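If you read the sequence shown in the numbering used here, its first letter stands for residue 11, the second for the next number, and so on.
Reading through the structure tokens given below for one structure.
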Amino acid sequence: FAGHKYSRETDGALIHKINQTQQEAAKPPEAFVPDFGVVLMVPMFLPDLESRRTEFAFSLAQNIANPYIKEIRIMFQGLTPDSLRAFPDLAHPKVRLLDCKTRQTYNMMMNWAPKDEICIIANTDIWFDNSLAKIAELI
Numbered sequence: 011f012a013g014h015k016y017s018r019e020t021d022g023a024l025i026h027k028i029n030q031t032q033q034e035a036a037k038p039p040e041a042f043v044p045d046f047g048v049v050l051m052v053p054m055f056l057p058d059l060e061s062r063r064t065e066f067a068f069s070l071a072q073n074i075a076n077p078y079i080k081e082i083r084i085m086f087q088g089l090t091p092d093s094l095r096a097f098p099d100l101a102h103p104k105v106r107l108l109d110c111k112t113r114q115t116y117n118m119m120m121n122w123a124p125k126d127e128i129c130i131i132a133n134t135d136i137w138f139d140n141s142l143a144k145i146a147e148l149i
């Protein structure tokens, strides 16, 4: 939702659209297991705006459903019970959480990344489709 300006008037429509797409994304993926998978590294926090929370939850659900992402490592700034309630997918088996007491940095992400895996560092509101399969052509 690049360029989206958040306001009370548009938040309801945005949340409705994200929820519809999220329901589609929540459907179980086909019985396909790729030969490889990437590790997705994501910084995360609990935003004040409900529309941003919905956007983060949607992106997380999309990435969990992606068969080319085998693990999602989330460096969560200020992990609390409220965070876990706001994002129930944080309990998904594909997700590994690290409670980060300060704002996340690229250096912190690189230090937590597995050294023998293909890793992608992305913002919380980014989700990937099956175009990740093209990575297999490069390895």
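Just so you know, even glycine gets a beta-carbon here, dropped at the ideal spot from N, CA and C.
Since the structure is predicted, the reported quantities are computational estimates derived from the model, not experimental observations.
query, result
"For P91, the first and last residue of its enclosing alpha helix (DSSP H)", "91–96"
"Distance CB(I128)-CB(M51) smaller than 8 Å", "no"
"Backbone CA spacing between A146 and F46 [nearest angstrom]", "7 Å"
"Pair within 8 Å by beta-carbon distance, F169 and M54", "Residue 169 lies beyond the residue range present for the chain, which begins at 11 and ends at 149; the question has no answer from this structure."
"The region 70–85 / the region 101–118 touching (three or more Cβ pairs under 8 Å)", "yes"
"Minimum C-alpha distance to D139 - residue among L100, E65, I79", "I79"
"Cβ-based burial, N133 [other Cβ within 10 Å; buried from 16]", "exposed"
"Outcome for N76 when other beta-carbon atoms lying within 10 angstroms are tallied against a minimum of 16", "buried"
"Member of Y116, Q114, N117, E81 whose CA lies at the smallest distance from the CA of A101", "E81"
"Assigned secondary structure, E60 (DSSP; H/G/I helix, E/B strand, else coil)", "helix"
"C-alpha distance - V48 paired with L59, whole-angstrom precision", "30 Å"
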